[in-house]
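In this text, residue positions in the sequence shown follow our numbering: the first is 1, and each later residue adds one. Structure first, commentary second.
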Amino acid sequence: MVENFLLRIFRASAVVTAAVALLIAVLALVYGLYARYAPKPVVDVYARLEKLSDLLRPEIMLRQALVDDREVGLTIWTVEQLTKDVLRGPSLSSVPENSQQASLDEAFKSMNEFLLTAFSIRIGDRARFVETLTSPRFRFSWTNDIDPQKRMGDIWPAAFAFYAKWLAGHAKNVAGLTAENRIKVQQKLVDKSFIYEFYSTTMNNFLKSLASEYAERSLQHSVLRDSQWFAFQLMAASFGYFFLIMLAVVFIRIEVNLRRPVDQE
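Now the structure itself:
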């Protein structure tokens, strides 16, 4: 009787242990398959255009250029006047394909609108304007890792056109300054090419942040892929343990059944 009681306890514990091992094996298999076939990380610059739009707002550029700048000598109040009208501006949520020339034409037009309204000057030569934007001084680079659609050739001129439109929207604020302060602003923004510098620096920092994000996500993906071997080993060990437990239960069951006729005799 005691022996039967102990056998029942063993069977119950063996079944529970085997069920747990089977569950672990199934979960390890699912995780291993997920780790093996997990999609590669995608960081698409084209999908981040709204973030780039926020970074290119001229309020940021004006504050960087003018606030607390003794060379320009403008007060914070003057800068607040420049930036008090936060314009919604155009949308950079999408860029048409093969739009580089159209974007450069738009940028040239908007930049002249800003310069004429604010400072009564203009860029007369479109070719020189394009040469300035593509010169080594303002050039930036990227990799296909963050440009899977290969759209940066369209995006960077569209981004400058967007930026120039924002500037054109602020032109009247600049024109409303006193003649002395307007000359100081012109010296800082135009003569020293701060407008172009801000655009170039913003674009470079934006692209670097995307590259860093891609590198970090790629590392996480690599670690995930490497963990599949541990998951498959755990699965194999759990299945093996489950098989051994169930085999032991079967053998004990057979042994008990064989002993019963002898006991009855």
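Backbone N, C-alpha and C fix where the C-beta goes; we use that ideal spot for every residue, glycine too. As the structure is a prediction and not an experimental result, all values here were calculated from the model.
(request) Would you tell me roughly how many angstroms separate the C-alpha atoms of asparagine 205 and valine 95, rounded to the nearest one? (result) As a first step, residue 205 is located in the sequence shown; it is residue number 205 there, counting from the start. As a first step, residue 95 is located in the sequence shown; it is residue number 95 there, counting from the start. When rounded, the distance between both Cα atoms is 20 Å.
(request) Compute the distance between the beta-carbons of alanine 161 and alanine 107, then report whether it is under 8 Å. (result) As a first step, residue 161 must be located in the sequence shown, where it is residue number 161. As a first step, residue 107 must be located in the sequence shown, where it is residue number 107. Yes, they are a contact pair.
(request) State the Cα-Cα distance for the pair valine 262 and tyrosine 31, rounded to the nearest angstrom. (result) As a first step, residue 262 must be located in the sequence shown, where it is residue number 262. As a first step, residue 31 must be located in the sequence shown, where it is residue number 31. Confidence is the limiting factor: at valine 262 the pLDDT is only 49, short of 50, which leaves the residue's position unreliable, though a coordinate-based value still follows. For valine 262 and tyrosine 31, the distance between alpha carbons rounds to 50 Å.
(request) Could you tell me whether the region 181-191 touches the region 126-139, where touching means 3 or more Cβ pairs closer than 8 Å? (result) no
(message) For phenylalanine 114 and alanine 65, which I take to be in contact (beta-carbon distance under 8 Å), what is that distance rounded to the nearest angstrom?
(response) Against the sequence shown, residue 114 aligns to sequence position 114. Against the sequence shown, residue 65 aligns to sequence position 65. Actually they are not in contact, since the Cβ atoms of phenylalanine 114 and alanine 65 sit about 14 Å apart, beyond 8 Å.
(request) Would you identify the three-state DSSP class for tryptophan 156, choosing helix, strand or coil? (result) Taking the sequence shown and counting its residues from 1, the one referred to as residue 156 is at position 156. Tryptophan 156 falls in the helix class under three-state DSSP.
(message) Could you check whether the region 206-218 touches the region 39-49, counting it as contact only if at least three pairs of C-beta atoms, one from each stretch, sit closer than 8 Å?
(response) yes
(request) Grab the span of the alpha helix (DSSP H) containing alanine 118 for me, first residue to last. (result) As a first step, residue 118 is located in the sequence shown; it is residue number 118 there, counting from the start. Element bounds for alanine 118: 100-119.
(message) Could you check whether alanine 159 and leucine 92 sit closer than 8 Å to each other, using their CB atoms as the reference points?
(response) On the sequence shown, position 92 is the one that residue 92 refers to. On the sequence shown, position 159 is the one that residue 159 refers to. In this structure, alanine 159 lies closer than 8 Å to leucine 92 by Cβ.
(request) Tell me, to the nearest whole angstrom, how far the beta carbon of alanine 118 is from that of alanine 175; I am working on the premise that it is less than 8 Å. (result) Numbered from 1 along the sequence shown, position 118 holds the residue referred to as residue 118. Numbered from 1 along the sequence shown, position 175 holds the residue referred to as residue 175. Right, their Cβ atoms sit about 5 Å apart.
(message) If you reduce the DSSP assignment to three classes, tell me which class valine 16 lands in.
(response) Numbered from its first residue, the sequence shown carries residue 16 at position 16. Helix at valine 16.
(request) Figure out for me which residue from Arg57, Tyr34, Val15 has the closest Cα to the Cα of phenylalanine 198. (result) Within the sequence shown, residue 198 is the residue found at index 198, counting from 1. Measuring from the Cα of phenylalanine 198, the nearest candidate turns out to be Arg57.
(message) If the criterion is Cβ atoms closer than 8 Å, does the pair asparagine 98 and aspartate 147 meet it?
(response) Locating residue 98 in the sequence shown gives position 98, where the first residue counts as 1. Locating residue 147 in the sequence shown gives position 147, where the first residue counts as 1. No, the pair does not count as a contact, with Cβ atoms beyond the cut-off.
(message) Going by beta-carbon coordinates alone, are arginine 225 and alanine 28 separated by less than 8 Å?
(response) Counting from one through the sequence shown, the residue named residue 225 turns up at place 225. Counting from one through the sequence shown, the residue named residue 28 turns up at place 28. Contact: no.
(request) Can you tell me which of Val20, Ile195, Val16, Val15 puts its alpha carbon nearest to the alpha carbon of serine 238? (result) To locate residue 238, count along the sequence shown from 1; it is residue 238. Comparing Cα-Cα distances from serine 238 to each of Val20, Ile195, Val16, Val15, the minimum goes to Val20.
(request) Could you give the DSSP three-state label for phenylalanine 230: helix, strand or coil? (result) For the purposes of this step, residue 230 is taken as residue 230 along the sequence shown, with counting starting at 1. Helix at phenylalanine 230.
(request) Please confirm whether alanine 231 and alanine 35 have their CB atoms less than 8 Å apart. (result) Counting from one through the sequence shown, the residue named residue 231 turns up at place 231. Counting from one through the sequence shown, the residue named residue 35 turns up at place 35. In this structure, alanine 35 lies closer than 8 Å to alanine 231 by Cβ.
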